[in-house]
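Structure first, commentary second.
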Amino acid sequence: MSESRQIEVLQDKCVGCKLCVKACPFGAISMCERKAVIDYDKCTLCGSCVPVCKSEAVRQSAATAATKRQATGEVWVFCEIDPEAGRLAGVSVELLGLAQELAAALNVKVGALLAGCDLAGYGREAGAQGADRVYLIEHPDLEHYDDERYGTVISRLVTERKPEILLGGASAVGRALLPRIAIKVHTGLTADCTELDIDPTTGLLRQTRPAFGGNILATITCENHRPQMATVRPGVLRRKPADPARTGEIIACPPRAEELRSSLEWLDFRPRGKGDVDLREAEIIVAVGYGAGSPDGVRLVAELAQALGGALGASRSVVDAGWIEYPHQVGQTGTTVQPKLYVACGISGAIQHIVGMQNSETIVAINRDPDAPIFQYADYALVGDIADIVPELLRQIEGKS
Ligand SMILES: Cc1cc2nc3c(=O)[nH]c(=O)nc-3n(C[C@H](O)[C@H](O)[C@H](O)COP(=O)(O)OP(=O)(O)OC[C@H]3O[C@@H](n4cnc5c(N)ncnc54)[C@H](O)[C@@H]3O)c2cc1C
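Numbering (the numbering used here), first residue to last: 324 to 724.
Printed below as a string of structure tokens:
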């Protein structure tokens, strides 16, 4: 019996209808003496065969699902590289930290997937950040991210090695790559999760994300298909410190020639300009809300951001009003941030804004309404008018310098 066996055909119930053979996207089921037989080397555990069986001969019982969890095991993170910084992308580091917790709950290992070329240094970093195994998919043709090549080779690895969970960042790359893999391996994907944990009773990955415009949080599980896949936006999870003494087992996974075919053509790489907003990396953010009242009010708050040496954030209302550009927007449909200091000026504290900044270390809120919801999340509440408080703060900061 294959170690990954979890879907089985009860031979006495099988009527030989071949519905499961047709349903299997991987050609893993064939007929032998009018009974369905599973080829476990081809089976990806996707579960497509289970619901189509009318005689309930193909099943995935709780007991075998538990066996599967141990056998197929790993919690994988697709790790992105930040080529400008020469290190793993922040979101990948954040995910490796979370993967350690999930893997501990399942008693399995953490696997980091890295694709590109000259990956040794990144592999070491992944080990130091929590990966027990580092799968290096190295080839010169993978130097630049390519949906098709990355999608094909990673899908094959998933099929071969059957991780229990595959996570990635809800970044530009992750948003393109993970759905592609999910389709190829025939499983589900929960995008933009804000929380992931393991259900202690079922061992399933609980994937929580905002729904209905952020007004409710939905928790989703994927019972019958593997791997369980989710993306998390950068900045949502807290980074765990690296342990330089920690090393991961490096496993070379060279791509096959046919997996390097692509219809995409690499044109150019343009690094971010110096003046561009990068809220994710900012240690201090001063954010402006609709309470600023006008573009002049935004300029006043921008002065405070500058005086504190921080970046200027904004609520969506300010962006929608055309007072500031979208890259400044913090929140569910903007950037998720976790600076050391977040100063919210004239922001009401709608949940869609809160989900983007609630992990900030210290939150200061300025609002003239003492009942503004933002104060529930603030460490320091300054009740009053921006037009009075911000100039006073500027005076005090300038007095100090
Ligand atoms: C699907 C969806 C996604 C969304 N995504 C985002 C998102 O990513 N980010 C985001 O921010 N929002 C988002 N929103 C919008 C969100 O629901 C709120 O409408 C928005 O955050 C409100 O912005 P605000 O707090 O600046 O404005 P308001 O709600 O108008 O609040 C202004 C605040 O300023 C205070 N105020 C007024 N004048 C002054 C003054 N002179 N001095 C001091 N305080 C003053 C008021 O008391 C009030 O609390 C989203 C909404 C939806 C439906």
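Even for Gly, the Cβ is constructed at its ideal location relative to N, Cα and C. Everything numeric in this text was worked out from a predicted model, so none of it was measured.
At a cut-off of 7 Å, would you count residue i as near ligand 1, judging by its Cβ distance to the nearest heavy atom?
{"i": "I363", "result": "Looking at the sequence provided, one finds Tyr at residue 363 rather than Ile. No, since every heavy atom of ligand 1 falls outside the 7 Å radius drawn around the Cβ of Y363."}
{"i": "A688", "result": "no"}
{"i": "H651", "result": "no"}
{"i": "T656", "result": "yes"}
{"i": "Q681", "result": "no"}
{"i": "V624", "result": "no"}
{"i": "I670", "result": "yes"}
{"i": "R691", "result": "yes"}
{"i": "Y613", "result": "yes"}
{"i": "V641", "result": "yes"}
{"i": "Q699", "result": "no"}
{"i": "D725", "result": "The structure shown does not extend to residue 725, since the chain is modelled only from 324 through 724, so no value can be given for it."}
{"i": "A673", "result": "yes"}
{"i": "S378", "result": "no"}
{"i": "D708", "result": "yes"}
{"i": "H676", "result": "yes"}
{"i": "G645", "result": "no"}
{"i": "A695", "result": "yes"}
{"i": "S586", "result": "no"}
{"i": "G497", "result": "no"}
{"i": "G633", "result": "no"}
Give the DSSP-derived three-state secondary structure of residue i in the structure shown.
{"i": "I647", "result": "coil"}
{"i": "Q530", "result": "strand"}
{"i": "L717", "result": "helix"}
{"i": "K507", "result": "helix"}
{"i": "K563", "result": "coil"}
{"i": "Y445", "result": "helix"}
{"i": "V416", "result": "helix"}
{"i": "D692", "result": "coil"}
{"i": "V312", "result": "In the structure displayed, the chain extends from 324 to 724; residue 312 sits before or after that span and is not available."}
{"i": "V600", "result": "coil"}
{"i": "G491", "result": "strand"}
{"i": "E403", "result": "coil"}
{"i": "A701", "result": "coil"}
{"i": "D520", "result": "strand"}
{"i": "T390", "result": "Below a pLDDT of 50, predicted positions are generally treated as unreliable, and T390, at 40, falls in that range; the measurement from the model is reported next regardless. DSSP places T390 in helix when its eight states are reduced to three."}
{"i": "R484", "result": "helix"}
{"i": "V476", "result": "helix"}
{"i": "K358", "result": "strand"}
{"i": "A351", "result": "coil"}
{"i": "V431", "result": "coil"}
{"i": "M680", "result": "helix"}
{"i": "Q652", "result": "strand"}
{"i": "L333", "result": "coil"}
{"i": "V706", "result": "strand"}
{"i": "R498", "result": "helix"}
{"i": "E466", "result": "coil"}
{"i": "L342", "result": "helix"}
{"i": "A727", "result": "Residue 727 is absent from the structure shown; the chain starts at 324 and stops at 724."}
{"i": "D591", "result": "coil"}
{"i": "R410", "result": "strand"}
{"i": "R639", "result": "helix"}
Please say whether residue j and residue i have beta carbons closer to each other than 8 Å?
{"i": "G571", "j": "A435", "result": "yes"}
{"i": "L528", "j": "Q551", "result": "yes"}
{"i": "V642", "j": "Q652", "result": "yes"}
{"i": "A438", "j": "L465", "result": "yes"}
{"i": "H548", "j": "T510", "result": "yes"}
{"i": "V332", "j": "A359", "result": "yes"}
{"i": "V690", "j": "V706", "result": "In the sequence under discussion, the amino acid at residue 690 is Asn, which differs from the Val named in the question. Their beta carbons are under 8 Å apart, which means N690 touches V706 by this criterion."}
{"i": "L442", "j": "L419", "result": "no"}
{"i": "P577", "j": "E461", "result": "yes"}
{"i": "G636", "j": "I608", "result": "yes"}
{"i": "I677", "j": "D702", "result": "no"}
{"i": "V660", "j": "L602", "result": "yes"}
{"i": "L429", "j": "G526", "result": "yes"}
{"i": "L411", "j": "Y445", "result": "yes"}
{"i": "D515", "j": "A495", "result": "no"}
{"i": "G672", "j": "P696", "result": "yes"}
{"i": "L590", "j": "E417", "result": "no"}
{"i": "C343", "j": "C376", "result": "yes"}
{"i": "C366", "j": "I330", "result": "yes"}
{"i": "A634", "j": "A605", "result": "yes"}
{"i": "K663", "j": "E648", "result": "no"}
With 8 Å set as the bound, which would you pick, yes or no: does the beta-carbon of residue i sit closer than that to a beta-carbon of chain C?
{"i": "V400", "result": "No chain C appears in this structure, which consists of one protein chain only."}
*asked:* Going residue by residue through the stretch 610 to 637, where are the continuous beta strand (DSSP E) segments of at least 3 residues, counting only ones entirely within it?
replied: 634 to 637
*asked:* Any contact between the stretch 467 to 480 and the stretch 516 to 529? By contact I mean 3 or more CB pairs, one from each, below 8 Å.
replied: no
*Would you say the stretch 666 to 677 touches the stretch 622 to 636, given that touching needs at least three Cβ pairs under 8 Å?*
yes
*Determine, using beta-carbon pairs with one atom in the stretch 375 to 383 and one in the stretch 333 to 340, whether at least three such pairs fall under 8 Å.*
yes
*Three or more C-beta pairs closer than 8 Å, one from the stretch 444 to 456 and one from the stretch 562 to 571: is that the case here?*
yes
*Pair every Cβ in the stretch 490 to 506 with every Cβ in the stretch 533 to 545, then say whether three or more of these pairs are closer than 8 Å.*
no
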